[in-house]
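In our numbering, each residue's number is its place in the sequence shown (first place is 1) plus 1. No residue lacks a Cβ here, since even glycine has one placed at the ideal position from N, Cα and C. Reviewing the structure listed below.
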Amino acid sequence: MEQEPKIEREEYLGENIVAQIREDVKVVEQSLQRATKGTEPIQEGGIEKLKKAQAILKEARSFLEVL
């Protein structure tokens, strides 16, 4: 059984992580839009939590894209 070269595997995993973070950013942004428009029920402090999550995910995405 042949092993994949380590670098290719790490690049593949990195691409998957970036793709997942992009998707997470979209989900958080959509939830934030619905919450601020009042079309989605939100718990107390939920909008602030969504904004923090959005900032963290955007920072993570930027960091990983640089790698």
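- For V29, the CB contacts under 8 angstroms within the same chain, skipping 5 residues up- and downstream, are L51, A54, Q55, L58 in chain order.
- In this structure, DSSP gives G47 a helical state, which the three-state scheme calls helix.
- Taking C-alpha positions only, A36 is separated from E16 by approximately 30 angstroms.
- Counting only the Cα atoms, R23 lies some 7 angstroms from R62.
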